[in-house]
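If you want the working numbering, it's the position in the sequence shown, counting the first as 1, plus 27.
Accompanying notes for the structure given below.
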Amino acid sequence: MSRKLVLLFTFMLWGAMTLPLPREAKGQTPLTRAIIQQLRNIVRIIPKNQQGRAARLSESLAAEDALATGRASLAELRFNDGSLARIGEQAVFQFLPNTRNFRLNNGTVLLLIPPGRGSTRVRTPNAAAGIRGSALFVRYIPETQTTLVGALTDSNIEVSNQNASQSQGLQAGQLAVIVKDKIERVYEFDLRTFYETSDLVRGLNLTESGTKTNPDPAIAAVQAETTTAVRA
Numbered sequence: 028m029s030r031k032l033v034l035l036f037t038f039m040l041w042g043a044m045t046l047p048l049p050r051e052a053k054g055q056t057p058l059t060r061a062i063i064q065q066l067r068n069i070v071r072i073i074p075k076n077q078q079g080r081a082a083r084l085s086e087s088l089a090a091e092d093a094l095a096t097g098r099a100s101l102a103e104l105r106f107n108d109g110s111l112a113r114i115g116e117q118a119v120f121q122f123l124p125n126t127r128n129f130r131l132n133n134g135t136v137l138l139l140i141p142p143g144r145g146s147t148r149v150r151t152p153n154a155a156a157g158i159r160g161s162a163l164f165v166r167y168i169p170e171t172q173t174t175l176v177g178a179l180t181d182s183n184i185e186v187s188n189q190n191a192s193q194s195q196g197l198q199a200g201q202l203a204v205i206v207k208d209k210i211e212r213v214y215e216f217d218l219r220t221f222y223e224t225s226d227l228v229r230g231l232n233l234t235e236s237g238t239k240t241n242p243d244p245a246i247a248a249v250q251a252e253t254t255t256a257v258r259a
């Protein structure tokens, strides 16, 4: 079985850093809070310097609080700028105060970022992904120190290794694999298959348009770009 097919099979199963901080640019909308708008099974909030506890629907997540999910679990966060994050099972995720920086220490996150909010960065222990909008997913596998970054739109997505000695731009339907401190390879994957099989995008209607446009303006802006990418 080819590496490409192995990676595609991995996506189907998903159903389920220490780089310097960039200076805030003009036009940036800093992240200050997030609301939990969907929970499934075991989801915990770990406040900074405190013990973890069970998360509650509609609860606010403050900057530097971590959100952790258990097996067969999922959480959905909505940020003050309209961005949406879906965190898959066995993940640890947080955002840093007054920046547009997310951190993923384990598991998978899907990010939908409306265009025009500014440059956003997602960090894992061995890599970083920069995006100006609008959709990507990131997975970190600590056992092998591997980061996977998949682009769902053509929106200036760029990945780099831990020390930023390597960088790579991604187009929609491309997946970067970073192992330890090296960008190993960029693969192509089928966007339609991803949307049909991934639990992280279920119910978001990211390939619909026209009469099925999302009534939420922020998500509709992302939907327009994801639909364009699938049809390309």
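Glycine included, each C-beta is placed from N, C-alpha and C at the ideal position.
Please read all numbers here as calculations on a predicted model, not as lab measurements.
Length of the line joining the Cα atoms of residue i and residue j
i, j, result
"Gly145", "Arg166", "22 Å"
"Gln121", "Pro244", "25 Å"
"Pro49", "Leu94", "Residue confidence is low: Pro49 scores 37 on pLDDT, short of 50, so the model does not pin down where it sits. No coordinate-derived value is stated."
"Gln198", "Gly157", "13 Å"
"Pro74", "Ala247", "32 Å"
"Ser100", "Phe164", "17 Å"
"Leu131", "Gly143", "23 Å"
"Ile72", "Thr224", "28 Å"
"Glu51", "Leu58", "Bear in mind that a pLDDT of 39 at Glu51, under 50, signals an unreliable position, so the model cannot answer this."
"Val149", "Val136", "10 Å"
Cβ distance (whole Å) where residue i is taken to contact residue j below 8 Å
i, j, result
"Glu252", "Thr180", "4 Å"
"Val206", "Tyr214", "That belief does not hold up - the Cβ atoms of Val206 and Tyr214 are roughly 13 Å apart, past 8 Å."
"Glu116", "Gln64", "About 18 Å separates the two Cβ atoms, so there is no contact after all."
Residue range of the beta strand (DSSP E) that includes residue i
i, result
"Arg148", "Thr147 to Thr151"
"Val70", "Val70 to Ile73"
"Gly157", "Ala154 to Ile158"
"Gln65", "Arg60 to Arg67"
Residue i versus the options, residue with shortest Cα-Cα distance
i, options, result
"Asp208", "Pro141, Gln193 and Gly177", "Gln193"
"Thr254", "Ser187, Leu233 and Lys239", "Leu233"
"Ala256", "Phe221, Thr96, Gln78 and Gly79", "Phe221"
"Arg196", "Gly109, Ala178 and Glu211", "It is Gly, not Arg, that sits at residue 196 in the sequence shown. Gly196 has its Cα closest to that of Ala178, out of Gly109, Ala178 and Glu211."
Endpoints, the alpha helix (DSSP H) within which residue i is located
i, result
"Thr254", "Pro244 to Arg258"
List in chain order: all unbroken beta strand (DSSP E) runs of 3+ residues lying wholly within the region 76 to 148. Complete beta strand (DSSP E) runs here, min 3: 87 to 89, 93 to 96, 101 to 106, 111 to 114, 119 to 122 and 128 to 139.
Runs of 3 residues minimum, wholly inside the region 161 to 221: which ones carry the beta strand (DSSP E) assignment? 162 to 168, 173 to 178, 184 to 188, 194 to 197, 201 to 206 and 209 to 215
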